[in-house]
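**Student:**
Numbering (our numbering), first residue to last: 11 to 292.
This is the structure:
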């Protein structure tokens, strides 16, 4: 299969239910004190992040399954700021709920998102995944975006609780999802047709973007060129933090090639950048 702007499809459906169950097992065992612990999401507690996840689930079902028209940005309101506002409004409203009520609602809606995606033709084009480009994206990428946000917030909750890390099996699609932002990240890099940029996430895989006449395309595997324009190598923990603007240790990043291109690659974000916690997704 020839590489495309977004690269080969990702199948995240086998991961949704397992990770949801892992999160619900964790949340179901929390004490009242645990729910109030602060997270890396500025101003949000564990309960707030859990409420945000509930908002993501019911928002996806309302928009995608039920064709419900949600509110739009106010005149002149940038989209990231609009997301910040509606996310904050939702979380503040959910503070009126007891943890038992919140858990009951999470139990109710968790599996329905998996059912929604399982009923979709994931090869069809759907709404854009803005961090991968402004044009309509294949639905498999939108599903992977959904899963990746769930995973990031799950990790944030575990870190706030000083709990054991999330099992490695749930991280398998994360690097493969976030790296889909690479062609869009390189959109303003002037390079000859055929030039390549590589990204390696140790233990997860290798990817490369190649310049074509109409832009950059992505594929799995190391660059085929012996002298790629640039390469970046890091571990998964550093990678996801870089891509979501959560404090990352740059000493764990190795780069080769043109410095300006490497710098551009390290600016890659696989979220919609917002003011609250590095970034937020729709």
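Here a beta-carbon is modelled for each residue, glycine too, at the ideal position from N, C-alpha and C.
Please report how far the alpha carbon of residue 277 lies from the alpha carbon of residue 196, in whole angstroms.
**Tutor:** As a working note, residue 277 is residue 267 in the chain shown. As a working note, residue 196 is residue 186 in the chain shown. Roughly 10 angstroms between the two C-alpha positions.
**Student:** Are residue 93 and residue 104 touching if we call contact CB-CB under 9 angstroms?
**Tutor:** As a working mapping, residue 93 is identified with position 83 in the chain shown. As a working mapping, residue 104 is identified with position 94 in the chain shown. No. Outside cutoff.
**Student:** Identify which residue in 30, 58 and 133 has its Cα closest to the Cα of residue 106.
**Tutor:** One-based indexing of the chain shown puts residue 106 at position 96. When each option's Cα is compared against that of residue 106, the closest is 58.
**Student:** Going by DSSP, what residues sit across from residue 173 in a beta bridge?
**Tutor:** For this step, residue 173 is matched to residue 163 along the chain shown. Answer by DSSP bridge pairing: none, since residue 173 is not bridged.
**Student:** Name the two residues that bound the continuous beta strand (DSSP E) containing residue 94.
**Tutor:** The residue you call residue 94 lines up with position 84 of the chain shown. Residue 94 -> not in any beta strand (DSSP E); alpha helix (DSSP H) instead, spanning 89-104.
**Student:** Is it true that the CB of residue 143 sits closer than 9 angstroms to the CB of residue 194?
**Tutor:** As a first step, residue 194 is located in the chain shown; it is residue number 184 there, counting from the start. As a first step, residue 143 is located in the chain shown; it is residue number 133 there, counting from the start. Cβ distance < 9 angstroms, so residue 194 and residue 143 count as in contact.
**Student:** Go to residue 271, then tell me how far its alpha helix (DSSP H) extends in each direction, as first and last residue.
**Tutor:** The residue you call residue 271 lines up with position 261 of the chain shown. Start and end: 269-276.
**Student:** Using only the alpha-carbon positions, how far apart do residue 1 and residue 198 sit?
**Tutor:** Residue 1 is absent from the structure shown; the chain starts at 11 and stops at 292.
**Student:** Considering only the beta carbon of each residue, do residue 147 and residue 49 sit closer than 9 angstroms?
**Tutor:** On the chain shown, residue 147 is found 137 positions in, with the first residue counted as 1. On the chain shown, residue 49 is found 39 positions in, with the first residue counted as 1. No, they are not a contact pair.
**Student:** Spatial neighbours of residue 139 within its chain, please: CB distance less than 6 angstroms, with the 5 preceding and 5 following residues excluded, ordered by chain position.
**Tutor:** In the chain shown, residue 139 corresponds to position 129, counting from 1. Here the set comprises 147, 151, 152 and 155.
**Student:** Tell me the rounded alpha-carbon separation between residue 250 and residue 162.
**Tutor:** Here residue 250 refers to the residue found at position 240 of the chain shown. Here residue 162 refers to the residue found at position 152 of the chain shown. When rounded, the distance between both Cα atoms is 8 angstroms.
**Student:** If I measure Cβ to Cβ from residue 101 and keep anything under 8 angstroms in the same chain, skipping five residues before and after, which residues do I get?
**Tutor:** Taking the chain shown and counting its residues from 1, the one referred to as residue 101 is at position 91. Around residue 101: 54, 58, 61, 62 and 65.
**Student:** Should residue 232 and residue 216 be called a contact, given that it needs their Cβ atoms to be closer than 9 angstroms?
**Tutor:** As a first step, residue 232 is located in the chain shown; it is residue number 222 there, counting from the start. As a first step, residue 216 is located in the chain shown; it is residue number 206 there, counting from the start. Yes; because the gap between Cβ atoms is below 9 angstroms, this pair is in contact.
**Student:** Is it true that the CB of residue 157 sits closer than 9 angstroms to the CB of residue 25?
**Tutor:** The residue given as residue 25 occupies position 15 in the chain shown. The residue given as residue 157 occupies position 147 in the chain shown. Yes; because the gap between Cβ atoms is below 9 angstroms, this pair is in contact.
**Student:** What is the DSSP secondary structure of residue 198, reduced to helix, strand or coil?
**Tutor:** The residue given as residue 198 occupies position 188 in the chain shown. Residue state, collapsed to three classes: coil.
**Student:** Which same chain residues end up closer than 8 angstroms to residue 71 when comparing Cβ atoms and leaving out the 5 residues on each side of it in sequence?
**Tutor:** Counting from 1 along the chain shown, the entry for residue 71 is found at position 61. Answer for residue 71: 119, 122, 123 and 126, listed in chain order.
**Student:** So, do the region 167-183 and the region 219-237 have three or more beta carbon pairs nearer to each other than 8 angstroms?
**Tutor:** Because the criterion of three Cβ pairs below 8 angstroms is not met, the region 167-183 and the region 219-237 do not touch.
**Student:** With distances taken Cα to Cα, identify the nearest neighbour of residue 67 among 38, 35 and 117.
**Tutor:** Along the chain shown, read from residue 1 onward, the residue named residue 67 stands at position 57. Nearest C-alpha to residue 67: 117.
**Student:** Which whole-angstrom value describes the C-beta separation of residue 190 and residue 17, a residue pair presumed to lie in contact below a C-beta threshold of 8 angstroms?
**Tutor:** Here residue 190 corresponds to residue number 180 of the chain shown, with the count starting at 1. Here residue 17 corresponds to residue number 7 of the chain shown, with the count starting at 1. 6 angstroms between Cβ atoms; contact.
**Student:** Hey, out of 222, 137, 261 and 110, whose CA is closest to residue 77's CA?
**Tutor:** Mapped onto the chain shown, residue 77 falls at position 67. When each option's Cα is compared against that of residue 77, the closest is 137.
**Student:** Between which residues of its own chain and residue 259 is the CB-CB distance below 7 angstroms, once the five residues before and five after are set aside?
**Tutor:** The residue labelled residue 259 in the question sits at position 249 within the chain shown. If we look at residue 259 and ignore the five residues flanking it on each side, its Cβ neighbours are 248.
**Student:** Output yes or no for whether 9 angstroms exceeds the beta carbon distance between residue 80 and residue 69.
**Tutor:** Numbered from its first residue, the chain shown carries residue 80 at position 70. Numbered from its first residue, the chain shown carries residue 69 at position 59. A contact, by the Cβ cut-off of 9 angstroms.
**Student:** For residue 206 versus residue 176, is the C-beta distance shorter than 9 angstroms?
**Tutor:** Counting from 1 along the chain shown, the entry for residue 206 is found at position 196. Counting from 1 along the chain shown, the entry for residue 176 is found at position 166. Result no, Cβ atoms of residue 206 and residue 176 do not sit closer than 9 angstroms.
**Student:** Report the three-state DSSP secondary structure of residue 57 (helix, strand or coil).
**Tutor:** Residue mapping note: residue 57 aligns to position 47 of the chain shown, counting from 1. Three-state DSSP puts residue 57 in a helix.
**Student:** Go ahead and pull the three-state DSSP assignment for residue 167.
**Tutor:** Working through the chain shown from its first residue, we reach residue 167 at position 157. Here residue 167 sits in helix by DSSP.
**Student:** Taking the CB atoms as reference points, tell me whether residue 30 and residue 188 lie closer together than 9 angstroms.
**Tutor:** Here the question's residue 30 lines up with position 20 in the chain shown. Here the question's residue 188 lines up with position 178 in the chain shown. Cβ distance not < 9 angstroms, so residue 30 and residue 188 don't count as in contact.
**Student:** Using CA coordinates, which residue listed in 203, 192, 213 and 167 is at the minimum distance from residue 181?
**Tutor:** For the purposes of this step, residue 181 is identified with residue 171 of the chain shown, where counting begins at 1. If we check each option's Cα against that of residue 181, 213 comes out closest.
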